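Protein chains in written order, with my numbering: chain A, 53 to 168; chain B, 107 to 216. Don't be surprised by glycine CBs; every beta carbon is placed ideally from N, CA and C. Predicted model only: the values in this text are computed from it and were never measured. Reading through the structure tokens given below for one structure.
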Amino acid sequence: DGGITQSPKYLFRKEGQNVTLSCEQNLNHDAMYWYRQDPGQGLRLIYYSQIVNDFQKGDIAEGYSVSREKKESFPLTVTSAQKNPTAFYLCASSSAGMYGLNTEAFFGQGTRLTVV
Amino acid sequence: QKEVEQDPGPLSVPEGAIVSLNCTYSNSAFQYFMWYRQYSRKGPELLMYTYSSGNKEDGRFTAQVDKSSKYISLFIRDSQPSDSATYLCAMRGTGNQFYFGTGTSLTVIP
């Protein structure tokens, strides 16, 4: 089945540690996105990537890093510099439509990160 | 001012009711409109998408866009307890970023 796979589903991190969240898609989509979801704040964009080896900062990129070495994969690292990392993290992908503009986004099932 | 405004609810309706969910937006460049359903602790699931003003129907769901008023709606007919979820509106403008509402929490009571 085509889709987006995020792993792990739950992740616990000690303060001062870096952790990496995995996102893999087999939809052959060009664009991939990372969002953070907190209660009452909706989805906030962390990073997005339109093509391999290129990515752009979103609204809340500080304390996060990404790579896009393969079209299928867009891992997110939450570094120790992120002061409040406990949240629900969502990965999404989208295909390029007419005029190079992306069509609708499809989401993975999310990773819930908790700092302990 | 947020680019997309959505009443967070919560909204509670009896089974079989017609539900109306709404979003307003401020950026006239927005041209692609989507509705997502999100169950607790799950990723959002795409329900409907549309480019143009007017209505688009899919089963019990109707998406409505009024670009002149910068207003979009999702109607759910014959609502079911399984429709209980958070509904997110989303939009894309001339770039490749998506803009999301904060979501409306809906409960359908049997």
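| Query | Result |
| --- | --- |
| Proximity of residue 145 of chain A and residue 58 of chain A at Cβ, strictly below 8 Å | no |
| Proximal residues to residue 183 of chain B (C-beta, below 6 Å), its chain only, five neighbours per side dropped | 124 and 166 |
| Own chain residues within Cβ distance below 7 Å of residue 121 of chain B, not counting five before or after | 185, 186, 187, 214, 215 and 216 |
| Unbroken stretches of the alpha helix (DSSP H), 4 residues or longer, contained in the segment 132 to 172 of chain B | none |
| Terminal residues of the beta strand (DSSP E) in which residue 131 of chain A lies | That residue, residue 131 of chain A, is in no beta strand (DSSP E); it is neither H nor E in DSSP. |
| Contacts of residue 140 of chain B in chain A (Cβ-Cβ under 8 Å) | 156 and 157 |
| Nearest-angstrom Cα separation, counted from residue 83 of chain A out to residue 194 of chain B | 20 Å |
| As assigned by DSSP and simplified to three states, the class of residue 126 of chain B | strand |
| Sub-8 Å separation of residue 80 of chain A and residue 132 of chain A beta-carbons | no |
| Inter-residue spacing [alpha-carbon to alpha-carbon] between residue 196 of chain A and residue 174 of chain B | The structure shown does not extend to residue 196 of chain A, since chain A spans only 53 to 168, so no value can be given for it. |
| Proximity test, Cβ basis, 8 Å: residue 134 of chain A and chain B | no |
| Nearest-angstrom beta carbon gap, residue 107 of chain A and residue 88 of chain A [assumed within contact, 8 Å] | At roughly 16 Å, the Cβ-Cβ gap does not stay under 8 Å, so residue 88 of chain A and residue 107 of chain A are not in contact. |
| Interface positions of the segment 72 to 91 of chain A facing chain B (Cβ-Cβ less than 7 Å), listed along the chain | 83 |
| Alpha carbon of residue 60 of chain A to alpha carbon of residue 72 of chain A, nearest angstrom | 10 Å |
| Within chain B, partners of residue 94 of chain A - CB distance below 7 Å | 206, 207, 208 and 209 |
| Pairwise C-alpha distance: residue 177 of chain B and residue 86 of chain A | 27 Å |
| CB contact below 8 Å: residue 203 of chain B versus chain A | yes |
| Amino acids of chain A, ordered along the chain, whose beta-carbon sits closer than 7 Å to that of residue 149 of chain B | 142, 159, 160, 161 and 162 |
| Minimum C-alpha distance to residue 129 of chain B - residue among B:135, B:118, B:114 and B:152 | B:114 |
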